Structures are given as C-alpha cells and as structure tokens.
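Contents: one structure, followed by commentary.
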Ligand SMILES: Nc1nc2c(ncn2[C@@H]2O[C@H](COP(=O)(O)OP(=O)(O)O)[C@@H](O)[C@H]2O)c(=O)[nH]1
Ligand SMILES: [Mg+2]
C-alpha cells in the first residue's frame with residue numbers, strides 16, 4: 001500500500017482525485033444495456049438531480065426509475081437502474097454510483113456529456129477508477145494490474161491466471177518473501193545498534209541460507225513468466241514446409257473453417273495468415289506461411305521473407321512434409337520445439353507411411369491423425385508450463401523485470417557475505433532488496449511507473 005509521504009509525492013503527477021469522475025464502463029458501441037459510473041464525493045448529489053428514485057437510493061440496492069433533466073431535453077430521457085455504493089465500501093473506496101440505461105450510443109454519450117458537465121464532475125482518465133482503488137488501499141498494484149489481465153484474458157488458462165492475481169495470489173507469495181527478508185533486516189539492524197556499545201556481533205554469514213532461499217523463491221516466480229506471457233498473448237504456432245505440402249489445408253482444418261486459400265498450384269499462399277484456436281484451454285495463434293522455395297516472383301519472395309520472420313518468433317513449429325511435395329530448401333527452426341507432420345497419408349500405402357520418422361501422420365483429405373496432432377500440440381504447450389507454489393504464474397513484463405532486479409539485489413547481498421562486507425553495507429543491500437520487492441505490490445513504485453501502468457487501462461476501468 002502507498003505510504004503517506006510516497007502517496008502525496010506521486011499524487012502531484014496524477015489527475016485530481018478530489019474531483020468526481022464519470023465514464024461509460026461497458027464496451028463502446030451500442031448494446032442492450034450500458035453502464036455509466038460515477039466515483040467521488042459528488043456522485044450521489046449528481047445522480048439525485050437526474051434520477052426519479054434519487055432520494056430513495058438504499059446503499060448497494062438496485063433502484064428502478066427514470067432519468068429526467070432539462071439538459072437532456074423535455075420529458076423522460078430513459079429508464080434506468082441505479083445502484084449507490086457509499087464510501088468506503090465500494091470498488092474505488094469512494095462514493096460510487098452505477099447507472100444502467102439502454103445501450104443506445106446516443107443515450108450513453110448524451111448522458112455522459114451532461115453528467116460530466118455538472119459541478120465538480122469531469123470525465124475519468126484511462127484506468128482512473130482502478131487508480132483510485134489503489135490509492136485508497138482497496139487493492140495493491142499487482143491486483144490493479146490483474147484488473148487489466150482479467151479484461152484481456154482470452155482463454156480459460158489466461159482467465160484463471162488473472163483471477164488468481166485479482167484475488168491476491170502475487171501479493172500473498174511476495175508477502176511471505178517480504179516477511180522473511182524483514183526478519184533478517186530487523187535482526188541485522190538490532191545487532192548493529194547493539195554493536196555500538198560492544199564489539200561487533202553482526203555476522204552476515206548467519207543469514208546466507210535465508211537469503212539464498214528468498215532469492216530462489218523469487219526466481220521460481222520469475223521463471224513462470226515465459227509461460228504466463230504466452231498464456232496472455234497466445235502461443236505462436238507456425239506452419240512451415242515446402243509449397244504444396246498442405247500447410248494451408250492443415251491451417252483450415254485446425255481453425256475449423258476455410259480461411260486460407262488452398263489450390264493445387266504451388267505458391268498459392270504468398271502472405272502469412274493468422275488464425276486463433278484453443279488447445280487444452282490455451283490460446284493459440286496459428287500462422288500459415290508461404291512455402292519456402294527459390295523463386296523469382298518478387299511478391300512471393302516478400303511472403304517467404306515473412307515466413308522466415310515468423311519462424312524466428314515461433315513458440316512451436318509445425319514442419320509439414322508430403323509425399324508429393326519436394327523439399328526445396330532446408331529449414332533451421334533453431335531451438336524452437338518442432339512437431340514434424342507427414343501429410344497426405346491417403347496418397348501412399350500403409351507400409352510406406354510406416355517408414356516415415358515424422359511425429360504425426362495425417363491426412364487433411366480423410367481427417368485421419370488430426371486429433372493426434374491436436375494432442376501433440378497440447379503436449380508441447382504444456383511442456384512449457386511452469387508454476388510457483390500455489391500454481392502462481394506471472395504474465396507482466398514489469399513484474400518479471402522487477403523480480404529480476406530483486407534477485408540481483410539478493411545476489412549482491414549474498415556476494416557481500418562472501419567478500420566479508422561491512423555489516424552496515426550488508427544491511428543497506430537488504431534494504432535495497434526490500435524496496436525493489438515493494439515495487440511489485442506498489443508500496444515503493446515510482447510515480448512515473450504508476451502513471452504508465454494506469455494509462456494503459458481503458459477508460460471506465
Ligand atoms: N490427397 C491429399 N491432398 C491434399 C491433402 N492436403 C492437402 N492436399 C492438397 O494439396 C494441395 C496443396 O495444398 P495446400 O494446403 O494449398 O498446400 P500449401 O502450399 O502447403 O499451403 C491442394 O490441392 C490440396 O487439396 C491430403 O491430406 N491429401
Ligand atoms: Mg498455402
């Protein structure tokens with residue numbers, strides 16, 4: 001949680017949090033219903049000017065009535081359901097009013113405009129509702145970031161990760177580390193105080209095991225980032241192979257509809273095409289590429305360059321071969337995991353198929369082997385799964401970078417022990433590590449970083 005002086009230091013750089021803010025919290029565009037949200041001290045009085053049931057709003061109960069105000073034209077503007085959450089028991093910790101109206105674009109925009117024109121009310125900045133929850137100590141920074149993760153999650157596994165963070169998973173994990181680190185610090189500092197009077201008793205080496213254990217736990221969490229990032233952004237699975245091997249056909253079969261053009265003419269696919277699918281609850285971005293071969297066609301060559309770029313970015317490569325497609329150019333996918341696929345098994349005899357060394361034998365024509373291919377893909381994806389205690393996985397680059405800095409700070413303390421560092425410097429190394437740890441949960445996060453985090457949120461969140 002932000003400490004008082006830290007808070008006031010960064011408040012200067014944030015929008016004025018004493019003002020009441022308003023925003024549309026439902027998605028842009030028209031829909032059945034829309035939610036407009038007010039937060040701040042003027043929320044109640046503002047809605048009372050517009051809403052027929054405004055004088056009878058019972059905290060946390062939905063009240064039905066009509067919106068009516070001269071600024072919104074003559075007569076009734078719309079039906080509405082309004083819920084009032086008095087401070088501090090609201091999402092932001094301030095007075096919050098949620099207004100549900102019909103989801104026409106005119107209704108939303110007009111109501112928003114008129115509400116934002118009221119005294120001491122203004123439009124919310126991106127992420128300002130979540131910023132206020134953070135500043136009012138409703139949530140720590142890792143949970144604030146989880147709000148964005150929850151909204152962005154596009155698969156079951158990503159959703160689960162976000163929910164874990166939203167309910168304090170990161171906070172709990174780091175609190176344990178912080179607790180252990182604080183124990184060492186208080187011990188060392190107490191001994192330092194004492195050693196003014198007597199001979200020095202401080203022995204940093206006594207804490208070596210504990211520091212190593214703290215560092216290890218941070219690194220375990222850090223090691224989950226690779227998988228976590230892919231959970232959020234999707235695993236990039238790239239189809240490569242000679243022209244006519246059936247890459248586009250496999251792409252279509254896996255995506256479940258005919259997206260890529262398939263013909264018997266080599267060089268049909270010239271640009272890379274992306275499709276999305278779910279494999280074992282994981283988001284997969286499947287990428288069909290131009291077959292790699294030596295040609296003089298400038299357009300096809302650009303497509304081939306793009307294929308090679310995709311190969312560089314791939315998490316998993318599906319390398320396709322077929323009995324009637326000749327290999328024009330060898331491919332080197334480097335360290336990326338590869339599933340080799342022998343396609344068009346319907347064209348050759350079972351004995352000849354048995355000779356192939358491919359991981360999976362399929363036929364897009366008959367559909368044989370496709371389920372096995374999905375299974376192999378799931379296995380490869382799950383191979384990269386790493387979790388810290390309690391199934392915790394991180395997906396934020398900022399958290400990963402900060403954990404790396406924390407681990408470096410622990411290493412500095414550890415190295416200090418071996419080089420017989422002065423106890424004062426040892427204590428200061430530990431304090432430094434503690435401060436870095438606090439950046440993840442928001443206790444010691446610099447204001448420009450906070451600004452950056454909240455400004456990436458959508459308006460109304
Ligand atoms: N017999 C047979 N033909 C296939 C199979 N898969 C794809 N083809 C055909 O092979 C040709 C090339 O397929 P395409 O998907 O465009 O290959 P790409 O160039 O690698 O993308 C097309 O005529 C497809 O109909 C298969 O499993 N069996
Ligand atoms: Mg193709």
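Numbering (my numbering), first residue to last: 1 to 461. Idealized CB from N, CA, C, for every residue including glycine. Keep in mind the model is a prediction, meaning the values are calculated, not measured.
Item	Value
Take residue 171 and list the residues in its own chain whose beta-carbon comes closer than 8 Å to its own, dropping the five residues that flank it on each side.	140, 142, 143, 441
Cα separation between residue 26 and residue 80?	15 Å
Rounded to whole angstroms, what is the Cα-Cα separation between residue 459 and residue 174?	29 Å
In chain order, what residues of the same chain lie with their CB nearer than 8 Å to the CB of residue 299, ignoring the 5 residues before and after it?	270
On the DSSP letters alone, give me the boundaries of the beta strand (DSSP E) that residue 107 sits inside.	From DSSP, residue 107 is part of no beta strand (DSSP E) but of the alpha helix (DSSP H) over 105-116.
With a cut-off of 8 Å on the beta carbons, I'd call residue 43 and residue 66 a contact; round off their distance for me.	Not really, about 19 Å apart at Cβ, beyond 8 Å.
Pick helix, strand or coil for residue 125, following the three-state DSSP scheme.	coil
Within the continuous alpha helix (DSSP H) that includes residue 249, where are the two ends?	247-255
Would you say residue 151 and residue 99 are within 8 Å of each other, going by their C-beta atoms?	no
Using the three-state DSSP reduction, which class does residue 374 fall into: helix, strand or coil?	helix
Cα separation between residue 1 and residue 135?	Note that residue 1 has pLDDT 36, beneath the 50 cutoff, so the model's placement of it is unreliable and the number below is only indicative. Approximately 8 Å, taken between the alpha carbons.
Closest to residue 24 by CA distance: which of 15, 118, 38, 18 is it?	38
Would you please state the rounded distance, in angstroms, between the beta carbons of residue 433 and residue 410? I believe it to be under 8 Å.	6 Å
Would residue 467 be called buried (16 or more neighbouring beta carbons within 10 Å of its own) or exposed?	Examination of residue 467 is not possible in this model, given that the chain is present from 1 through 461 alone.
Should residue 264 be counted as a contact of ligand 1 given a C-beta to heavy atom distance under 7 Å?	yes
Confirm, please, whether the CB-CB distance from residue 317 to residue 289 is below 8 Å.	no
Pairs of beta-carbons, one from the stretch 334-348 and one from the stretch 259-275, closer than 8 Å: are there three or more?	no
Residue 84 by DSSP, collapsed to three states: which one?	strand
Between residue 325 and residue 444, how many whole angstroms is the CB-CB distance? I'm expecting something under 8 Å.	Between residue 444 and residue 325 the Cβ distance is about 58 Å, and since that is not below 8 Å, they are no contact.
For residue 178, which residues from the same chain have a beta carbon less than 6 Å from its beta carbon, with the 5 sequence-adjacent residues on both sides left out?	437
In this structure, how does DSSP classify residue 63 when only helix, strand and coil are distinguished?	strand
Residue 393 and residue 231: beta carbons closer than 8 Å?	yes
For residue 130, count neighbouring Cβ atoms within 10 angstroms of its own Cβ and tell me buried if that reaches 16, exposed if not.	buried
Given residue 353, which residues of its chain have a CB within under 6 Å of its CB, disregarding the five upstream and five downstream residues?	345, 361
When you measure from the CB of residue 260 to every non-hydrogen atom of ligand 2, does any distance come out below 7 Å?	yes
If you measure between the beta carbons of residue 306 and residue 236, is that distance less than 8 Å?	no
Using 8 Å as the threshold, is the C-beta distance between residue 57 and residue 84 below it?	yes
Could you tell me whether any non-hydrogen atom of ligand 1 is closer than 7 Å to the CB of residue 363?	yes
Between which residues of its own chain and residue 402 is the CB-CB distance below 7 Å, once the five residues before and five after are set aside?	436, 439, 440
Return the Cβ separation of residue 165 and residue 245 in integer angstroms, given the expectation that the two are a contact with Cβ distance under 8 Å.	The pair is not a contact, with the Cβ atoms about 42 Å apart (cut-off 8 Å).
On the premise that residue 76 lies in contact with residue 253, defined as a C-beta separation below 8 Å, what is that separation, rounded to the nearest angstrom?	At roughly 55 Å, the Cβ-Cβ gap does not stay under 8 Å, so residue 253 and residue 76 are not in contact.
Quick one: is residue 296 buried, meaning 16 or more other Cβ sit within 10 Å of its Cβ, or exposed?	exposed
Could you pull the start and end residues of the beta strand (DSSP E) that residue 338 belongs to?	338-342
How is residue 395 classed by DSSP in three states: helix, strand or coil?	coil
I'd like the ranges of any beta strand (DSSP E) spanning at least 3 consecutive residues and lying wholly in the stretch 203-283.	235-240, 273-279
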